[in-house]
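*Asks:* Numbering (this note's numbering), first residue to last: 9 to 262. After the C-alpha cells below, expect a handful of questions from me.
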Ligand SMILES: C[S@@+](CC[C@H](N)C(=O)[O-])C[C@H]1O[C@@H](n2cnc3c(N)ncnc32)[C@H](O)[C@@H]1O
C-alpha cells in the first residue's frame with residue numbers, strides 16, 4: 009500500500025458561523041451542495057464571467073491529458089471537469105466522476121457524464137494503481153484532511169500518473185483581495201438570491217468565500233503533497249488567484 013499515517017491537515021479551521029465542529033461539517037457541506045445543485049452551473053458562470061469551462065479545458069490540456077487515459081475527477085460536482093475530460097480521453101479512455109453529494113451527481117448525469125460514484129476524496133472506493141490522472145476542481149477546501157486526500161490520490165494513481173488540482177487562492181495583494189471578497193461574498197450571493205430565489209445557494213456562496221479566505225496557504229498544500237510522497241509538487245498561478253497544483257506518482261512502493 010502506498011499510504012502513510014501522519015497528522016491530519018485540515019484545509020481550513022472550523023467555521024462556527026456554519027457548523028459547530030468537524031462531525032457536523034460533513035452533513036452541513038453535503039446539505040448545502042445538495043440543495044444548491046440545480047443552481048451551481050448558473051452561479052459558476054457568473055462567478056467566472058462565463059470563462060469557467062474554457063479555463064478548466066485549458067488546465068486539462070496543460071496537464072497532458074490524452075486520448076485513452078483513465079481519469080478520476082474528485083469533487084466532480086455537476087461534472088464540468090469530468091465532461092470536458094471525457095471529450096479529451098474519448099471512447100478508448102475512461103472518466104469517473106466522484107462526489108459525496110447525490111444532488112450534484114444528478115446534475116452531472118444530466119450533463120452527460122457516463123460514470124458517476126458517490127464518495128469522499130479521503131476514502132476512494134477504487135483499487136490501487138487504477139488511474140492515469142486524478143483531477144479536482146475547486147473542491148480541495150471541502151475535504152476533512154489533505155493528508156488523507158493526497159495519500160488516497162497516490163494510492164489510486166498508476167506509476168507515472170499525475171494529479172491536477174484547481175483552486176481559488178486568496179490574493180496576496182490587499183486591494184485585489186478586498187475586491188474579490190466584495191464580488192464573491194457580496195455580489196455573487198446577492199445575484200444568486202435575486203435571480204435563482206434560493207437562500208441555500210446564497211448561503212453556499214457566502215460559505216464558499218469564507219473557505220477561500222480561511223484556507224491554508226499554498227506552501228502547506230505543497231508540503232502535504234510532498235509529505236505523502238507525491239513527486240515534483242508544483243503550483244502554477246493564473247491571474248494571481250487561480251492555482252493549479254500538480255504532482256506525480258513515480259514510485260510503486262512508498
Ligand atoms: C465547488 S464544487 C466543484 C465542482 C466542480 N469540480 C467544478 O469544477 O466546478 C465542490 C464539490 O466538492 C464536493 N465535495 C465536498 N466534500 C468533498 C469530499 N470530502 N470529497 C470529494 N468531494 C467533496 C461537493 O459536494 C461539491 O460538489
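Just so it is clear, CB atoms sit at the ideal spot from N, CA and C, and this is done for glycine as well.
I need the straight-line Cα distance from residue 254 to residue 241, nearest angstrom please.
*Replies:* Position 246 of the chain shown, counted from the start, is the residue given in the question as residue 254. Position 233 of the chain shown, counted from the start, is the residue given in the question as residue 241. One C-alpha to the other measures close to 6 Å.
*Asks:* Taking 6 Å as the cut-off, is the C-beta of residue 35 nearer than that to any heavy atom in ligand 1?
*Replies:* As a first step, residue 35 must be located in the chain shown, where it is residue number 27. No.
*Asks:* So, helix, strand or coil for residue 98, using DSSP?
*Replies:* In the chain shown, residue 98 corresponds to position 90, counting from 1. Correct three-state label for residue 98: coil.
*Asks:* Could you tell me which uninterrupted beta strand (DSSP E) segments, each at least 3 residues in length, are contained entirely in the segment 133-173, listed from first to last along the chain?
*Replies:* You should have 139-145.
*Asks:* Please confirm if the segment 128-139 is in contact with the segment 88-96, defined as three or more CB-CB distances below 8 Å between the two stretches.
*Replies:* Contact fails: fewer than three Cβ-Cβ distances are below 8 Å.
*Asks:* Which residue from 147, 17, 48, 23 puts its Cα closest to that of residue 81?
*Replies:* On the chain shown, residue 81 is found 73 positions in, with the first residue counted as 1. Minimum Cα distance to residue 81 is reached at 147.
*Asks:* Any heavy atom of ligand 1 within a distance shorter than 6 Å of the CB on residue 107?
*Replies:* Taking the first residue of the chain shown as 1, we reach residue 107 at position 99. It does: the Cβ of residue 107 is within 6 Å (strictly closer) of some heavy atom of ligand 1.
*Asks:* If you drop the 5 nearest sequence neighbours on each side, which residues of the same chain put their C-beta closer than 8 Å to that of residue 42?
*Replies:* If you number the chain shown from 1, residue 42 lands on position 34. Cβ within range, chain order: 109, 110, 111, 112.
*Asks:* Run through DSSP, which three-state label would residue 123 get?
*Replies:* What you label residue 123 is simply residue 115 of the chain shown in a count that begins at 1. It is a strand residue.
*Asks:* Where do the N-terminal and C-terminal ends of the alpha helix (DSSP H) with residue 35 fall, by residue?
*Replies:* The sequence position of residue 35 within the chain shown is 27, counting from 1. Its alpha helix (DSSP H) spans residues 30-55.
*Asks:* Would you mind stating whether residue 72 and residue 100 have Cβ atoms separated by less than 7 Å?
*Replies:* The residue labelled residue 72 in the question sits at position 64 within the chain shown. The residue labelled residue 100 in the question sits at position 92 within the chain shown. No, Cβ-Cβ distance for residue 72 and residue 100 is not below 7 Å.
*Asks:* Quick check: what's the CA-CA separation for residue 26 versus residue 218?
*Replies:* Looking up residue 26 in the chain shown gives position 18. Looking up residue 218 in the chain shown gives position 210. For residue 26 and residue 218, the distance between alpha carbons rounds to 10 Å.
*Asks:* Is residue 239 helix, strand or coil when you go by DSSP?
*Replies:* Within the chain shown, the letter at position 231 stands for residue 239. It is a strand residue.
*Asks:* Can you tell me whether residue 83 is helix, strand or coil according to DSSP?
*Replies:* On the chain shown, residue 83 is found 75 positions in, with the first residue counted as 1. DSSP places residue 83 in coil when its eight states are reduced to three.
*Asks:* Please tell me whether residue 256 and residue 243 are closer than 7 Å, where the distance is taken between their beta carbons.
*Replies:* Here residue 256 is taken as the residue at index 248 of the chain shown, counted from 1. Here residue 243 is taken as the residue at index 235 of the chain shown, counted from 1. Taking 7 Å as the Cβ cut-off, residue 256 and residue 243 do not qualify as a contacting pair.
*Asks:* Count the C-beta pairs between the segment 205-215 and the segment 35-49 that are closer than 8 Å, then say yes if the count reaches three, no if not.
*Replies:* Judged by Cβ distances under 8 Å, the segment 205-215 makes contact with the segment 35-49, as three or more pairs qualify.
*Asks:* Can you grab the Cα-Cα spacing for the pair residue 145 / residue 63, in whole Å?
*Replies:* Here the question's residue 145 lines up with position 137 in the chain shown. Here the question's residue 63 lines up with position 55 in the chain shown. Taking the straight line joining both Cα atoms gives about 11 Å.
*Asks:* Between which two residues does the alpha helix (DSSP H) holding residue 215 run?
*Replies:* Indexing the chain shown from 1 puts residue 215 at position 207. Residues 207-222.
*Asks:* At the level of alpha carbons, what is the spacing between residue 160 and residue 223?
*Replies:* Your numbering for residue 160 matches position 152 in the chain shown. Your numbering for residue 223 matches position 215 in the chain shown. Cα-Cα distance, rounded: 21 Å.
*Asks:* Measure the alpha-carbon distance for residue 204 versus residue 53 and round it to whole angstroms.
*Replies:* Looking up residue 204 in the chain shown gives position 196. Looking up residue 53 in the chain shown gives position 45. Going by the C-alpha atoms only, they are around 13 Å apart.
*Asks:* Could you tell me if the beta carbon of residue 59 falls within a distance shorter than 6 Å of some heavy atom in ligand 1?
*Replies:* The residue labelled residue 59 in the question sits at position 51 within the chain shown. No - ligand 1 has no heavy atom lying nearer than 6 Å to the Cβ of residue 59.
*Asks:* Return yes when at least one heavy atom of ligand 1 lies under 6 Å from the C-beta of residue 128, else no.
*Replies:* Start at 1 with the first residue of the chain shown, and residue 128 comes out as number 120. Yes, ligand 1 has a heavy atom inside 6 Å of this Cβ.
*Asks:* Tell me whether residue 150 counts as near ligand 1, meaning its Cβ is closer than 6 Å to at least one heavy atom of that ligand.
*Replies:* Taking the first residue of the chain shown as position 1, residue 150 is located at position 142. Yes, Cβ of residue 150 sits closer than 6 Å to a heavy atom of ligand 1.
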